[in-house]
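Asker: So for the sequence shown, this note's numbering puts the first residue at 326; every next one is plus one.
Glycine included, C-beta positions come from ideal geometry on N, C-alpha and C.
The model shown is predicted, which means the values in this text are computed figures rather than measured ones.
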Amino acid sequence: KKQPKKKKKKKALHEKVHDDMLKKRRAQAIKVRNEELAAAAEREETKEERRRAELIAARFETNTHEARLQRLGDRFQLLQKLDQKRIHLIEEKEEKKEEK
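Printed below as a string of structure tokens:
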């Protein structure tokens, strides 16, 4: 009768070792999976951050062709206004001289 008890103990010990090994494997698999998910999430965040940085840089890019054309157009309009103001002032001075 003692021999079957020993077998049960050995079997129980073997099952315990086997269960521990399975738990370690599962824990390792979960750890690897979590690391992979974290890496994938980080890559997505990096892509999103890169896209945001490009959009911000595009907002502050002032030397594009369109921006240069806009600046030239603005300068031209300001020069026209300045010339009109000068002409207006000259005409007013001439009118005042004629009145005297």
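Go ahead and pull the three-state DSSP assignment for Asn388.
Answerer: Of the three classes helix, strand and coil, the one that applies to Asn388 here is coil, per DSSP.
Asker: Straight-line CA distance for Ile355 to Ala364?
Answerer: Taking the straight line joining both Cα atoms gives about 14 Å.
Asker: Give the straight-line distance between the Cα atoms of Glu369 and Ala352, rounded to the nearest whole angstrom.
Answerer: Whole-angstrom Cα-Cα distance: 26 Å.
Asker: If you reduce the DSSP assignment to three classes, tell me which class Lys425 lands in.
Answerer: Three-state result, Lys425: coil.
Asker: Please report how far the alpha carbon of Ala378 lies from the alpha carbon of Ala366, in whole angstroms.
Answerer: Approximately 18 Å, taken between the alpha carbons.
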